[in-house]
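The listed protein sequences correspond, in order, to chains A and B. Take 0 as the starting number for the first sequence in numbering that gives the first Met the number 0 and just add one per residue. Take 0 as the starting number for the second sequence in numbering that gives the first Met the number 0 and just add one per residue. Using N, Cα and C, we set each Cβ at its ideal position, and we do this for glycine too.
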Amino acid sequence: MKVLVAVKRVIDYNVKIRVKPDHSDVDLTNVKMAMNPFCEIAVEEAVRLKEKGVATEVVAVTVGPKAAQEQLRTALALGADRAIHVETDEPVESLAVAKLLEGVVNEEKPDLVVLGKQAIDTDNNQTGQMLAALTGMGQGTFASEVVIEAGEIRVTREIDGGHQTVALKLPAVVTTDLRLNEPRYAKLPDIMKAKKKPLENRTPEALGVTLPAGLKRLKVETPAERKGGVKVGSVDELVDKLKNEAKVL
Amino acid sequence: MSILVLAEHHDGQLSDGTAHVVAAAMAIGGDVDVLVAGENVQGVAEAAATLEGVARVRLADAAVFAHQLAEPLGDLLVNLASDYTHVLAAASTSGKNVLPRLAALRGVNQISEILEVVSTDIFKRPIYAGNAIATVQSEDALKVITVRTTAFDAVSRTGSAPVESVEGQVTNETSRFVDEVLAQNDRPELGGARIVVSGGRGMGNGENFRLLEGLADKLGAAVGASRAAVDAGFVPNDMQVGQTGKIVAPDLYIAVGISGAIQHLAGMKDSKVIVAINKDDEAPIFQIADYGLVGDLFEILPALEQKL
Ligand SMILES: Cc1cc2nc3c(=O)[nH]c(=O)nc-3n(C[C@H](O)[C@H](O)[C@H](O)COP(=O)(O)OP(=O)(O)OC[C@H]3O[C@@H](n4cnc5c(N)ncnc54)[C@H](O)[C@@H]3O)c2cc1C
Ligand SMILES: Cc1cc2nc3c(=O)[nH]c(=O)nc-3n(C[C@H](O)[C@H](O)[C@H](O)COP(=O)(O)OP(=O)(O)OC[C@H]3O[C@@H](n4cnc5c(N)ncnc54)[C@H](O)[C@@H]3O)c2cc1C
């Protein structure tokens, strides 16, 4: 069984972002970039499927500029067998990414595609669902457990009221939630080995995809800052303030 | 303008979020229809018909829509969408599951989790865990939108729209429902509660959450948690507040033993009044709290419960 994993290069989750003074975007110059945390979980799940003997090959894919190859090397160090870089310097949004991933799916014919449930930069939470719809696959989003048996995949999903389990025909799309697994760290020898693993290039043209226009971004602003208030000295003072000053009790 | 709102429901009850999504639709303007899809959901349709401002309720009642699986629901929306300029749903796990399928099948972008309607095609939405707000414009013929329900006041339930059945003509070969485990409790829903009391890693274990529950019961509050508390197994996942959990904006949010990581703040910083209880007086949560109380939560919580 072949597993395709989509990984996205995003700002490191520890970085406090700043909006550019001209309000055109967030300032990403010289900020630390990393693999989207949900994509790390996706890679980990695919690699575990391989370690369990369920998967035979793990292929990592990213869409983005040259620099995104860094995240592919990380995926290879974590255990992916090979990588595909769909190179574009155009800003692409979820629909464009999903169409490009559809192109890769048509070439690679994976039995399972694993994506993060959301990217922590755009917070869209769309790409996996779009890919599933475009390829006609079933989807198991926000997964906290994945079991493959008898040609089916059972996905337990984190939903608003608790958990839901669905069974999907393979091939299928899974998007990862936080509690699916705890990703490992790449070890130095694996990082060295990853440099020699195959990394192929694709272009949108080669995949036969015309990039759809995205949303027009008119402005990016900093939200109203919340000012810190006061420290109170006792429970009595707290209750008094909540009753008489804030009037919320 | 003609707008279709996908209703959300559970166990035969219309979810509160739908009234907020209808409010967002009213802010866009035009005729607003509500789609209720499920199995044996006539009652839900009748409840949706009372939402103020709704022109008609379209009811797709069939076995294939049971449990509102994404694949058949997406196909149904694709069939209906040609009648509309906008399709809206709540940015809940259910709305997020289905709407991107519609967008993809119609070849349009989706606008996720809008906070504000600027015009019929311009919207504000949070990015980077709410640390930036983007104003975006859609030039697509169909606008597919999920709505942050806490950002729009619910419409009242004083309307009386007609209910019309729609033919599904949808099959589902790819996915099958297996089971569902839903948390049972009598407290208000996190997303809609007036007061939320949340606990973090500082609670130490699941047992200790009883301290919060006691307080919550006195206040009529919902109970939330940080990711650290959920990951540690103190409480179930549906209680997580934050960038990747639930977004809440109650009148009063009490954070207990929570440090205030940006991913947590993303889920609660629009609360009207924030109280932080933490033993570390340098904890970042104090930078955004209206009232901070430094001290041991195991002493403070019982004292607080007693004073109320
Ligand atoms: C060169 C370049 C410049 C960009 N500049 C900007 C900019 O200035 N402003 C802006 O707002 N956006 C910009 N983007 C667009 C932003 O990266 C897209 O919104 C994003 O790629 C679409 O995914 P999402 O975050 O919406 O995905 P979500 O649906 O939130 O992500 C879910 C999952 O989809 C998969 N996925 C998403 N994107 C990719 C990808 N690129 N490759 C592989 N897997 C992926 C991952 O598994 C991810 O976890 C740029 C993109 C590129 C390539
Ligand atoms: C991709 C991603 C997504 C995430 N999404 C979310 C999310 O949606 N929601 C979320 O919450 N987090 C999220 N996180 C995690 C977040 O970064 C933090 O790790 C988490 O919020 C920390 O939880 P905490 O404040 O409970 O724990 P800690 O940071 O460990 O804080 C515990 C606090 O308790 C205090 N304390 C301890 N004992 C006592 C006592 N006896 N009395 C009083 N105070 C005490 C301590 O002083 C400390 O400040 C995400 C992280 C990532 C990478």
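Spatial distance of residue i from residue j (CA atoms)
i	j	result
I273 of chain B	V77 of chain B	42 Å
A302 of chain B	R186 of chain B	22 Å
I152 of chain A	E172 of chain B	14 Å
N96 of chain B	A76 of chain A	31 Å
E44 of chain A	S118 of chain B	42 Å
A183 of chain A	A220 of chain B	Residue identity differs from the one stated: residue 183 of chain A is Arg in this sequence, not Ala. So the two alpha carbons sit approximately 38 Å from each other.
K217 of chain B	I16 of chain A	39 Å
L179 of chain A	G106 of chain B	31 Å
A69 of chain B	S93 of chain A	18 Å
V60 of chain A	A89 of chain B	31 Å
A103 of chain B	M136 of chain A	13 Å
K278 of chain B	K230 of chain A	12 Å
S258 of chain B	G232 of chain A	19 Å
G52 of chain B	A171 of chain A	40 Å
L223 of chain A	G150 of chain A	This sequence places Ala at residue 223 of chain A; Leu is not what is there. C-alpha separation (whole angstroms): 51 Å.
E166 of chain B	P203 of chain A	39 Å
A231 of chain B	D30 of chain B	47 Å
R57 of chain B	H162 of chain A	28 Å
E144 of chain A	V2 of chain A	16 Å
I284 of chain B	G213 of chain A	36 Å
L296 of chain B	P235 of chain B	21 Å
E157 of chain A	D237 of chain B	7 Å
N207 of chain B	A142 of chain A	28 Å
R72 of chain A	Q12 of chain B	48 Å
V103 of chain A	D280 of chain B	51 Å
H84 of chain A	K195 of chain A	15 Å
Residue j beta carbon less than 7 Å from that of residue i
i	j	result
M202 of chain B	G256 of chain B	yes
I121 of chain B	Q136 of chain B	yes
V62 of chain A	V25 of chain A	no
N123 of chain A	S111 of chain B	yes
S270 of chain B	V240 of chain B	no
T175 of chain A	A41 of chain A	yes
F37 of chain A	K116 of chain A	yes
L72 of chain B	V143 of chain B	no
I246 of chain B	T149 of chain B	yes
A44 of chain B	V162 of chain B	yes
F233 of chain B	H66 of chain B	no
L114 of chain A	A5 of chain A	yes
E89 of chain A	L133 of chain A	no
M0 of chain A	D80 of chain A	no
A128 of chain B	I261 of chain B	yes
A118 of chain A	V9 of chain A	yes
A160 of chain B	H19 of chain B	no
V18 of chain A	T221 of chain A	yes
A22 of chain B	A47 of chain B	no
Q138 of chain A	Q125 of chain A	no
L87 of chain B	V4 of chain B	yes
G94 of chain B	F64 of chain B	no
Cβ of residue i within 7 Å of any chain E Cβ
i	result
L214 of chain B	Any reference to chain E falls outside this structure, whose protein chains are A and B.
What are the complete alpha helix (DSSP H) segments, minimum 4 residues, inside the stretch 23-75 of chain A? 36-50
What are the complete beta strand (DSSP E) segments, minimum 3 residues, inside the stretch 146-231 of chain A? DSSP runs (the beta strand (DSSP E)) wholly in the stretch 146-231 of chain A: 151-158, 161-168, 171-175, 198-201, 215-220, 229-231.
Counting only Cβ-Cβ distances shorter than 8 Å, please list the residues of the stretch 102-136 of chain B near chain A, keeping chain order. A102, A103, L104, G106, V107, N108, Q109, I110, S111, E112, I121, P125, I126, Y127, A128, G129, N130, A131, I132, A133, T134, V135, Q136
Complete alpha helix (DSSP H) runs within the stretch 169-257 of chain B (minimum length 4 residues, chain order): Listed in chain order, they are 208-218, 226-230.
Quick one: residues with CB closer than 5 Å to any heavy atom of ligand 2, in chain order, please. A:Y12, A:P36, B:G199, B:R200, B:G201, B:S225, B:R226, B:A227, B:G241, B:Q242, B:T243, B:G244, B:G256, B:I257, B:S258, B:A260, B:Q262, B:H263, B:N277, B:K278, B:D279, B:A282, B:D295, B:L296
Any residues in the stretch 4-33 of chain B with a beta carbon nearer than 7 Å to a beta carbon of chain A? Which ones, in chain order? For the stretch 4-33 of chain B, the set of positions with a beta-carbon nearer than 7 Å to some beta-carbon of chain A reads H9 in chain order.
At a CB distance below 7 Å, what residues from the stretch 282-302 of chain B approach chain A? Give them in sequence order. Those residues of the stretch 282-302 of chain B that come within reach of chain A (Cβ to Cβ, closer than 7 Å) are F285, Q286, I287, A288, D289, Y290, G291, L292, V293, I299, A302.
Under 9 Å (Cβ pairs) to chain A, residues found in the stretch 150-178 of chain B: N171, E172, T173, S174, R175, F176, V177, D178
Taking the runs of the beta strand (DSSP E) that are 3 residues or longer, which of them lie wholly in the stretch 98-145 of chain B? 109-113, 121-126, 131-136
Give me the subset of the stretch 21-47 of chain A whose CB atoms are less than 7 Å from a CB atom of chain B, sorted by chain position. V25
Any chance you could list the alpha helix (DSSP H) runs of at least 4 consecutive residues sitting entirely within the stretch 42-84 of chain B, in chain order? 69-80
Residues within the stretch 225-242 of chain A neighbouring chain B, beta-carbon criterion of under 9 Å: R225, K226, G227, G228, V229, K230, V231, G232, S233, V234, D235, E236, L237, V238, K240, L241
Members of the stretch 203-215 of chain A near chain B, C-beta cut-off 9 Å: P211, A212, G213, L214, K215
Would you list, in chain order, the members of the stretch 158-181 of chain A that have their beta-carbon closer than 7 Å to a beta-carbon of chain B? I158, D159, G160, G161, H162, Q163, T164, V165, A166, L167, K168, L177, R178
Extract the residue ranges of the alpha helix (DSSP H) inside the stretch 66-145 of chain A, only unbroken runs of 4 or more that lie entirely within it. Listed in chain order, the complete alpha helix (DSSP H) runs (minimum 4 residues) inside the stretch 66-145 of chain A are 68-77, 93-107, 126-134.
For the stretch 1-20 of chain A, enumerate the residues whose C-beta is nearer than 8 Å to any C-beta of chain B, in chain order. I10, Y12, K15, I16, V18
For the stretch 87-117 of chain A, which residues have a CB atom closer than 8 Å to at least one CB atom of chain B, in sequence order? E92, S93, L94, A97, K116, Q117
Output, in sequence order along the chain, the residues in the stretch 122-134 of chain A whose CB is closer than 9 Å to any CB in chain B. D122, N123, N124, Q125, T126, G127, Q128, M129, L130, A131, A132, L133
Interface positions of the stretch 55-84 of chain B facing chain A (Cβ-Cβ less than 8 Å), listed along the chain: H66, L68, A69, E70, G73
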